[in-house]
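For the sequence shown, this note's numbering begins at 804 and goes up steadily by one.
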Amino acid sequence: MSRKACVIGAGPNGLAAAIVLAQAGLQVEVFEAEPTAGGAARTLELTQPGFLHDFGSAVHPWVVGSPFFSTLPLADYGLQWIHSPAPLAHPLDDGTAVVLERDLYDAEAALGSDGKTWRELMFPFVERWSEFAPEVLRPVHLLPRCPILMARLGWYALSSARSLVRRFGNPRTRALFAGLAAHSFLSLDESLTAAFGLLLGVSAHAVGWPIPRGGSQSISNALCAHLAKLGGRVKTAARVESLSALPHYDVTLCNLTPRQLLRVAGDRLSPSYQHHLKNYRYGPGVFKVDYALSSPIPWKARECLRAATVHLGGSFEGIAASEEAMRKGQPADRPFVLLAQPSLFDATRAPQGKHTAWAYCHVPHGSKVDMLGKLEDQIERFAPGFRDCVLARRVFSPADLESMDANLVGGDIGGGAMNFRQFLFRPTWRQYATSTKDIYICSSSTPPGGGVHGMCGYHAAKMALSQIEL
Ligand SMILES: Cc1cc2nc3c(=O)[nH]c(=O)nc-3n(C[C@H](O)[C@H](O)[C@H](O)COP(=O)(O)OP(=O)(O)OC[C@H]3O[C@@H](n4cnc5c(N)ncnc54)[C@H](O)[C@@H]3O)c2cc1C
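Here it is as structure tokens:
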């Protein structure tokens, strides 16, 4: 009789964990609260029929660069990648845009006087991506496999984006780096922000920032299909309220954040472990809008049409001010907006001639402030006439996001704040293990944190397999 495993939550990490367990020969059942598997990697008709919108993740360097997902035959289940001609565009108030080219040498040429500095910053990591990615996408280790490279990253981890950009002479390059570093949800004066910006830039050059044909649901569908091939089952519309309501499993992996883990398994966890989970800190939230559009976005800088991702915030100082306000618990006047325009490169996303856009800005945790006007003002700033192209919009406050995926607590898309403590010990010093031998946590509240890479699920399942007596 093979052993039975249960996974709660069919997000990318839950599905990764389920696949690792099924590969090891366990009978795996996944319980998913929502009607469709995928968690924050789902694609839904959120505005009008025929317009496919990514509910959560849209751009996927961490899937193609994932040491685990890249070993799976996901293309056999229909997953296809599309690379826009450039990964990223960053428009400025003078009507031009800085464009990040995927090829590092093209980027060097495009960034002019800062090109050499950019290349020298990125090159050591880009060149050794295949050794580097497994190291950064796992718990911090005292004895890394590429110590010099990791020491170099560690040095940047101590620095802020503001200090790193001093090496760039051109304000355009400083603005470009600010947009990358702001993915951290931290103030650009905080440590870790330089390393965040660096990692995002390195990923663009090493593996690109591709979008999946058909949307992020194609990733989740491929993972589910592969799991089914291995004998695993996903039950949707099956929210787990308490582990005690489930039949016996030899091991349970929870694709949940600490607050939910306490709710479903609290009575089986030790008081001190419960105390640690209660002290876990969530991060800021996002305010998101999905658009059905009558035409492509009318960018002032036409170069923006070359990139699936566009960062809207102008100068380094503008983006820094936005993130500083968010950290202080205030809505930014001119929020930094992350925008994706997938239908320019993937015709399956919208009816012929029509388009979609996906945009969000950072807001304080659980914020109830309506940011729609300010978010659209930022788009209009670089694309006058944008509002005239809007056929329909769907607005998600942090609470709306959480209502469609319970892991998005207070609109936090990263599974918890990324401060030094939670960078090292996430969600507790036990990482994937809990105080109970047969219960593990495998969501983005464990190392390495947010993003669609499946590595939280992978490492949790490996730990579970090594520790339970099978
Ligand atoms: C708006 C937004 C934009 C993003 N953009 C990107 C991006 O471009 N690129 C990128 O790499 N990442 C992006 N992310 C982050 C990425 O989507 C997440 O980090 C990733 O999905 C985390 O995976 P997970 O499996 O840990 O959790 P989730 O994807 O959140 O999955 C958790 C699952 O558990 C289920 N669940 C919760 N409670 C229960 C319960 N009690 N019983 C049963 N099921 C339950 C939920 O319904 C959900 O399906 C974005 C996220 C959001 C929301």
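All C-beta atoms, glycine included, are put in the ideal place defined by N, C-alpha and C.
DSSP puts residue i in a beta bridge; with which residues?
i: residue 831; result: 808
i: residue 846; result: 857
i: residue 893; result: 901
i: residue 1088; result: 1166
i: residue 1036; result: 832
i: residue 1015; result: 884
i: residue 1115; result: 1140
i: residue 1242; result: 1055
i: residue 1076; result: Per DSSP, none; premise fails for residue 1076.
i: residue 1096; result: 1158 and 1193
i: residue 1110; result: 889
i: residue 1236; result: 1243
Just how far apart, CA to CA, sit residue i and residue j?
i: residue 867; j: residue 1010; result: 7 angstroms
i: residue 948; j: residue 1005; result: 19 angstroms
i: residue 1167; j: residue 1206; result: 17 angstroms
i: residue 953; j: residue 1047; result: 43 angstroms
i: residue 877; j: residue 1133; result: 42 angstroms
i: residue 1190; j: residue 1173; result: 17 angstroms
i: residue 956; j: residue 932; result: 13 angstroms
i: residue 1061; j: residue 1081; result: 7 angstroms
i: residue 805; j: residue 831; result: 10 angstroms
i: residue 993; j: residue 1126; result: 11 angstroms
i: residue 905; j: residue 886; result: 9 angstroms
i: residue 898; j: residue 1225; result: 40 angstroms
i: residue 1185; j: residue 1100; result: 10 angstroms
i: residue 967; j: residue 1016; result: 36 angstroms
i: residue 1141; j: residue 1003; result: 14 angstroms
i: residue 829; j: residue 1036; result: 12 angstroms
i: residue 1095; j: residue 1150; result: 13 angstroms
i: residue 1200; j: residue 938; result: 35 angstroms
i: residue 1115; j: residue 1183; result: 10 angstroms
Excluding the five sequence neighbours on either side, which residues of its own chain have a C-beta within less than 7 angstroms of the C-beta of residue i, listed in chain order?
i: residue 1217; result: 988, 1086, 1247, 1252 and 1253
i: residue 892; result: 900, 902, 1106, 1107, 1109, 1110 and 1113
i: residue 1033; result: 822, 825 and 826
i: residue 1129; result: 1087, 1135, 1165, 1166 and 1167
i: residue 1154; result: 853
i: residue 1279; result: Residue 1279 cannot be examined here, being either before or after the span of the chain that is shown, 804 to 1273.
i: residue 911; result: 918, 919, 921 and 922
i: residue 810; result: 817, 820, 821, 831, 833, 1056 and 1058
i: residue 1064; result: 1057, 1080 and 1244
i: residue 1025; result: 877, 880, 881 and 882
Is it buried or exposed for residue i, if we count other Cβ within 10 angstroms and need 16 for buried?
i: residue 951; result: exposed
i: residue 969; result: exposed
i: residue 1170; result: buried
i: residue 1269; result: exposed
i: residue 1156; result: exposed
i: residue 1175; result: exposed
i: residue 1023; result: buried
i: residue 874; result: exposed
i: residue 1070; result: exposed
i: residue 958; result: exposed
i: residue 1279; result: The structure shown does not extend to residue 1279, since the chain is modelled only from 804 to 1273, so the question has no answer here.
i: residue 923; result: exposed
i: residue 1213; result: buried
i: residue 1232; result: exposed
i: residue 1052; result: buried
i: residue 1078; result: exposed
i: residue 1076; result: buried
i: residue 1250; result: buried
i: residue 944; result: exposed
i: residue 1131; result: exposed
Can you list, in chain order, the residues of its chain whose CB lies under 8 angstroms from that of residue i, leaving out five sequence neighbours each side?
i: residue 916; result: 972 and 973
i: residue 991; result: 963, 964, 965, 981, 984, 985, 1119, 1122, 1123, 1126 and 1127
i: residue 1219; result: 1060, 1061, 1083, 1084, 1085, 1086, 1225, 1229, 1230, 1247, 1248 and 1252
Excluding the 5 residues flanking residue i on each side, which residues of the same chain have their C-beta closer than 6 angstroms to its C-beta?
i: residue 846; result: 855, 857, 1018, 1019 and 1020
i: residue 1266; result: 1235
i: residue 1000; result: 964, 980, 983 and 984
i: residue 836; result: 1042
i: residue 1152; result: 855, 1145, 1146 and 1159
i: residue 864; result: 1006, 1010 and 1012
Would you say residue i faces chain C, with C-beta separation under 8 angstroms as the test?
i: residue 1010; result: Going by chain labels, chain C is absent from the structure shown, which holds only one protein chain.
Completely contained beta strand (DSSP E) runs for the stretch 1131–1205, where each covers 3 or more residues: 1140–1143, 1158–1166 and 1193–1199
Length-filtered (4 minimum) alpha helix (DSSP H) runs lying within the stretch 975–1029: 996–1009
3 or more residues per run - each beta strand (DSSP E) lying fully within the stretch 913–968: none
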